[in-house]
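Each number in the numbering used here comes from the position in the sequence shown (counting from 1) with 328 added on.
We put the CB at the ideal spot given by N, CA and C, even for glycine.
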Amino acid sequence: MAEKIKVYLKIRDDLQKEEDNERWEVDKNNLKQILSEKEEIVHNYFDRVFLQETNKNIFEESLVQSLHNLIEMKKSSTIFAYGQTGTGKTFLMMGNEGNEGIVKRFLKEIYERQKERGYKVKLSFLEIYNEKLIDLFNEKNEPKFYSNKGELQIENLENKVVNSLQESLDLIKTAEIKRRTEKTDFNLRSSRSHTIFVIELSKNNKKEILTLIDLAGSEKPSQISDRRKEGAFINKSLLALGNLITNMNETPHLNYRDSKLTRVLEPSMKREVDLIAFCLISPLKKFISESLRTLSFSSRLSEIKMNFKPSKIQKNEDINLCECEEEKEKLKTEILRKEIKMNEINEEINSLRNKYEDLLSNFINENEEKDLLKKRIQNLERMINKITETFPQSKLKDIFLIEKGLFNLKMEDLNKNIKNAKKIKHEKSYDF
Ligand code: ADP
Ligand code: MG
């Protein structure tokens with residue numbers, strides 16, 4: 329069985345409205361580059377092209393299979409984001425307030441099912457900058473490579489057992505705040521470093537790993553001399569990554585030693601791991617040459633098959649069994665996808681329920697306010713009547729009339745609000 333690397337393209341949709349845009353169109357899973365009325369180039373090597381889709385859509389449409397393989401302890405996955413700086417790699421991986429990235433979405437689903445499936449979760453978070461490894465969970469650590477029974481491993485790297493979603497989110501938040509505040513020129517540095525988030529699930533001596541990589545910007549290195557060193561390192565590691573992936577098709581022994589990035593990825597870049605690449609481009613015309621470089625890298629990736637060799641020759645019955653198993657796995661993934669959607673719908677229902685309850689309590693408050701106002705008006709009437717009886721001057725009567733008119737207006741206003749609230753309540757009357 330030879331499985332292809334999954335290659336997805338994402339165009340930064342929030343820039344689509346900019347005037348000086350290249351014309352990209354999406355037609356099914358193809359990307360069309362419109363050159364003129366009559367000319368277009370079709371890029372048809374993607375598993376899927378995402379344009380307006382949110383991180384949530386992307387997760388549901390392309391990553392549930394990996395989630396399934398992971399929580400069922402069947403297969404590890406390695407997911408990376410490749411593209412020029414500013415195309416949205418970090419946004420896709422980490423997201424922002426109100427738009428969770430895929431790292432958090434994986435964590436959420438993994439922890440939601442932890443009790444039921446009984447796996448242990450370990451996390452690590454590291455950065456490679458100028459060919460140096462930095463442990464983002466504990467910067468005092470100095471991670472180093474060592475060889476264990478012929479396998480390359482990293483020592484002095486925090487690999488934390490984390491038992492809840494909240495704990496994992498807190499760890500990420502702390503690491504991100506530290507990175508932002510302690511490093512000068514954070515943006516420049518983050519575009520020049522690779523960040524790697526590793527989620528390790530273990531159960532009954534089995535271990536599966538999900539590796540999520542936010543790669544350094546793939547743009548050509550700057551000509552400014554003090555940046556050349558970083559640029560050369562980035563080029564070296566992206567080139568080594570490209571070579572490693574390309575060689576998966578051909579060479580029996582893969583070479584991980586060409587860069588720190590590929591060395592770190594040795595356990596997650598085996599042939600039996602699911603590889604998923606997100607290639608990101610900007611729609612802006614001025615970046616067209618970088619976008620074309622990314623497209624060319626994507627096209628190379630899409631041709632690579634992961635050579636997964638079954639250890640024995642299968643008999644016919646085995647093949648039937650195999651097909652059945654495959655079908656079963658597909659169905660299970662579909663169930664998982666539906667489950668994730670159901671959970672989201674439930675969350676939406678809960679938030680609507682809260683809004684409804686807020687509305688209802690406002691409605692009750694308004695009614696109470698109305699009664700209070702009525703009482704105040706009556707009191708005032710009584711007071712003014714008393715005063716006018718004692719001092720029968722017409723001026724006071726006028727004041728009373730004005731005051732009464734004013735309060736009646738307020739009452740009318742309130743009644744209108746109540747009517748509105750009733751209307752909204754009627755529109756949103758769900759069967760809870
Ligand atoms: P990269 O990591 O590729 O350099 P970023 O993820 O940092 O790019 O994105 C650059 C900027 O664009 C950030 O401010 C980010 O919030 C914003 N951005 C990227 N993609 C999107 C998107 N799909 N929707 C809204 N904002 C986005
Ligand atoms: Mg980034």
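For the beta strand (DSSP E) containing residue i, list its first residue and its last residue.
| i | result |
| --- | --- |
| Thr579 | No beta strand (DSSP E) holds Thr579; DSSP gives it neither H nor E. |
| Gln361 | Asn358 to Ile362 |
| Val354 | Arg351 to Asp355 |
| Glu425 | No beta strand (DSSP E) holds Glu425; DSSP gives it neither H nor E. |
| Phe473 | Lys472 to Asn476 |
| Ile537 | Lys534 to Asp542 |
| Ile524 | His522 to Lys531 |
| Ser452 | Lys448 to Tyr457 |
| Leu608 | Asp602 to Ile609 |
| Glu444 | Glu444 -> not in any beta strand (DSSP E); alpha helix (DSSP H) instead, spanning Gln442 to Arg445. |
| Ser405 | Ser405 to Gly411 |
| Arg376 | Arg376 to Phe378 |
| Lys332 | Ala330 to Lys332 |
| Glu368 | Glu368 to His371 |
| Lys460 | Lys460 to Asp463 |
Ordered along the chain, which non-local residues of its own chain (more than five positions away) have a Cβ less than 6 Å from that of residue i?
| i | result |
| --- | --- |
| Thr539 | Thr406, Val526 and Ser596 |
| His522 | Ile456, Leu543, Ala544 and Leu589 |
| Ser553 | The pLDDT assigned to Ser553 is 49, lower than 50, so where the model puts this residue is not dependable; a value taken from the coordinates is nonetheless given after this. Excluding sequence neighbours, Ser553 sits near nothing in its chain. |
| Ser404 | Glu536, Ile537 and Val601 |
| Lys534 | Met401 |
| Asn674 | none |
| Thr418 | Asp542 |
| Lys640 | Its pLDDT being 48, under 50, Lys640 is placed unreliably by the model, and the measurement read from it follows with that caveat. Excluding sequence neighbours, Lys640 sits near nothing in its chain. |
Are residue i and residue j touching if we call contact CB-CB under 9 Å?
| i | j | result |
| --- | --- | --- |
| Arg441 | Ile399 | yes |
| Glu631 | Tyr373 | yes |
| Ile430 | Ile362 | no |
| Leu593 | Ile541 | yes |
| Phe465 | Ser452 | yes |
| Glu455 | Ile524 | yes |
| Lys338 | Thr415 | yes |
| Gly446 | Ile609 | no |
| Leu566 | Leu543 | yes |
| Lys598 | Leu529 | no |
| Gly545 | Ser519 | yes |
| Lys334 | Ala605 | yes |
| Lys402 | Glu578 | no |
| Lys506 | Glu467 | yes |
| Phe561 | Asn484 | no |
| Glu789 | Lys732 | Limits of the chain in this structure are 329 at one end and 760 at the other, which puts residue 789 out of reach. |
| Ile573 | Leu516 | no |
| Ile736 | Ile712 | As written in the sequence, residue 736 is Asn, which differs from the Ile given in the question. Cβ distance not < 9 Å, so Asn736 and Ile712 don't count as in contact. |
| Met422 | Glu504 | yes |
Just to confirm my understanding: we take residue i, look at its own chain, exclude 5 residues before and 5 after, and list those with CB closer than 7 Å. What are they?
| i | result |
| --- | --- |
| Glu353 | Lys360 and Ile362 |
| Gln380 | Asp341 |
| Glu740 | none |
| Glu618 | Gln412 and Glu547 |
| Lys615 | This sequence places Phe at residue 615; Lys is not what is there. Only Gln412 meet the Cβ criterion. |
Within the same chain, show all residues whose beta-carbon is closer than 8 Å to that of residue i, passing over the 5 residues directly before and after it, in chain order.
| i | result |
| --- | --- |
| Arg376 | Tyr336, Leu337, Asn357, Glu389 and Ser390 |
| Asn349 | Leu343, Pro611, Leu612 and Lys613 |
| Leu497 | Lys432 and Leu435 |
| Ser492 | Tyr439 |
| Thr661 | Val392, Gln393 and His396 |
| Ser627 | His371 and Tyr373 |
| Asn575 | Leu582 and Asn583 |
Please report the Cβ distance between residue i and residue j, rounded to the nearest whole angstrom; I am assuming they are in contact, meaning their Cβ atoms lie under 8 Å.
| i | j | result |
| --- | --- | --- |
| Leu687 | Leu742 | Not really, about 16 Å apart at Cβ, beyond 8 Å. |
| Asp463 | Glu486 | 5 Å |
| Thr622 | Cys607 | 5 Å |
| Leu659 | His396 | Contact flag wrong, Cβ pair sits at about 10 Å. |
| Leu499 | Val490 | 7 Å |
| Asn383 | Leu420 | 6 Å |
| Glu437 | Ile668 | 6 Å |
| Phe514 | Gly570 | That belief does not hold up - the Cβ atoms of Phe514 and Gly570 are roughly 27 Å apart, past 8 Å. |
Taking the alpha helix (DSSP H) that residue i falls in, what are its first and last residues?
| i | result |
| --- | --- |
| Leu395 | Val392 to Ile399 |
| Arg628 | Ile616 to Ser630 |
| Phe514 | Phe514 to Ser519 |
| Val592 | Lys588 to Val592 |
Closer than 8 Å: is that where the CB of residue i sits relative to any heavy atom of the ligand FAD?
| i | result |
| --- | --- |
| Ala605 | You won't find the ligand FAD in this model; what it holds is the ligand ADP and the ligand MG. |
For the ligand MG, which residues count as neighbours when the test is a C-beta closer than 7 Å to any heavy atom?
-> Environment of the ligand MG, chain-ordered: Thr413, Lys417, Thr418, Ser518, Ser519 and Asp542, taking every residue with Cβ within less than 7 Å of a heavy atom.
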